[in-house]
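Here is the structure we will look at.
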Amino acid sequence: MRVVDSVLELIGKTPMLRLHKITRGVRAQVLLKLEYLNPSGSYKDRIAFRMIANAEASGALKPGCTIVESSSGNTAIALAFVGAAKGYAVKVFYPQDVWAEEKRRTLERFGAEIEMVPLEETEAARRAGVHGARVEIPGRVKCRELMHRRADVWWARQFSNPDCVRAHNELGLEILEQTEGKVDAFTASIGTGGNFLGVAQVLKRERPEVKCIAVQPTEWSGWVDPLSPEARFVPGITGGIIEEIRASGLVDEVVYVGNEEARSMAYRLSQEEGVFCGVSTGANVVAAIREAKKRGSGATVVTTAVDRGDRYFSDERFIT
Ligand SMILES: Cc1ncc(COP(=O)(O)O)c(C=O)c1O
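Read left to right, the sequence shown gives residues 2 to 321 (our numbering).
Dropping the structure here:
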């Protein structure tokens, strides 16, 4: 129990929960790091805080600047949250086709400005070489334009900002501390890859035999129109950068989890364990349990509860 002077001090140092009911009959233990307990509700608080702090330190972000990002979910909310706590204006380019009312209201509550970006502009942007979750690409083009036009704008660039991986290095250190270094496997769904890379780097440095498993949505086959019937992928993990992640040399296995399987695991986590989480957490836990079933008692598989479940009441297809 402590008193803090800033809500930003409450980012990180999240607890870890040993799953019991969902893992009944499984000999290895599955530990879930409860990242949805970060102040704005996801592990993206870590990267937002780190990116902003380093941009301040380097002079790229000065008082009075506006922070911009293209995001339809956790990163936008985390930047809006940290921006509010530090006194910056935040502008979010939001993909209008994946509109979710609860996210808009959360962003507005933190005082962020929202500009809707239509999806039609995506193809042109992709041809111009902009990477990332398809729905967020048109907004990324707008961030770039704005930054070139105005000196008082700072674009966080979660897809290429190295502070994202560094922020997740800290999460990896916490995992080592909480497990006293006894981690046998780690599973992480891939969006920007920040969580996987940051944690895997730290775990493998300490314990090279740790198996690091990247989780991808079964139905995801590249550039799927997010509004088409086949776009039934696990939300949040469709950045399409799995090839870059593979090239890191840290991936021991890529596993695929279907959207329905991930969703029903997220519901089970709420109903059986009381863990109120989003769909990609369901995917992480499905992958963790599959791995735990291959191992004997005494083994430990770790994964993260990425974000809160109430982020997806109105549209559970997209989490980016
Ligand atoms: C809900 C959700 N799950 C998983 C991810 C993947 O995390 P990362 O970007 O660190 O790969 C993200 C973010 O992109 C997300 O918002």
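For glycine and all other residues, C-beta sits at the position ideal for the given N, C-alpha and C.
Taking three-plus beta-carbon pairs below 8 Å as touching, is the segment 149 to 161 in contact with the segment 21 to 38?
no
Could you pull the start and end residues of the alpha helix (DSSP H) that Y268 belongs to?
N260 to R269
Can you give me the C-alpha to C-alpha distance between E273 and P218, rounded to a whole angstrom?
24 Å
Using C-beta distances below 6 Å, list every residue in its chain close to F94, excluding the 5 sequence neighbours before and after it, in chain order.
S71, E116, V118, G140 and K143
Between which two residues does the beta strand (DSSP E) containing T304 stretch?
T301 to T305
Would you say the beta carbon of G173 comes nearer than 8 Å to a heavy atom of ligand 1?
no
Burial state of S41, where buried means 16 or more other Cβ atoms lie within 10 Å
buried
Do E292 and A29 count as a contact pair if the criterion is CB distance below 9 Å?
yes
Does the segment 178 to 193 come within contact of the segment 295 to 308, defined as at least 3 CB pairs closer than 8 Å?
yes
Do F187 and ligand 1 come close, with the Cβ less than 8 Å from some heavy atom?
no
In chain order, what residues of the same chain lie with their CB nearer than 6 Å to the CB of N75, ignoring the 5 residues before and after it?
S43, K45 and D308
Nearest by alpha-carbon distance to L174: which of R206, R3, R145 and R105 is it?
R206
With respect to the alpha helix (DSSP H) encompassing R329, which residues constitute its N-terminal and C-terminal limits?
This structure does not reach residue 329, given that the chain is present from 2 up to 321, and the question cannot be answered.
Cβ-heavy atom distance, K104 to ligand 1, below 8 Å
no
Inter-residue Cα distance where the pair is P96 and E57
28 Å
Terminal residues of the continuous beta strand (DSSP E) containing A215?
K212 to P218
Pull the bridge partners of T188 from the DSSP assignment, please.
I214
Considering I53, what are the terminal residues of the alpha helix (DSSP H) in which it resides?
K45 to S59
Please report the distance separating the alpha-carbon of R145 from that of L20.
43 Å
Using a Cβ-based criterion (distance less than 8 Å to any ligand heavy atom), does C165 qualify as near ligand 1?
yes
Range of the contiguous beta strand (DSSP E) that encloses A90:
A90 to P96
Please determine whether the Cβ atom of Q159 lies at a distance below 8 Å from any heavy atom of ligand 1.
yes
In chain order, what residues of the same chain lie with their CB nearer than 6 Å to the CB of P16, ignoring the 5 residues before and after it?
L35
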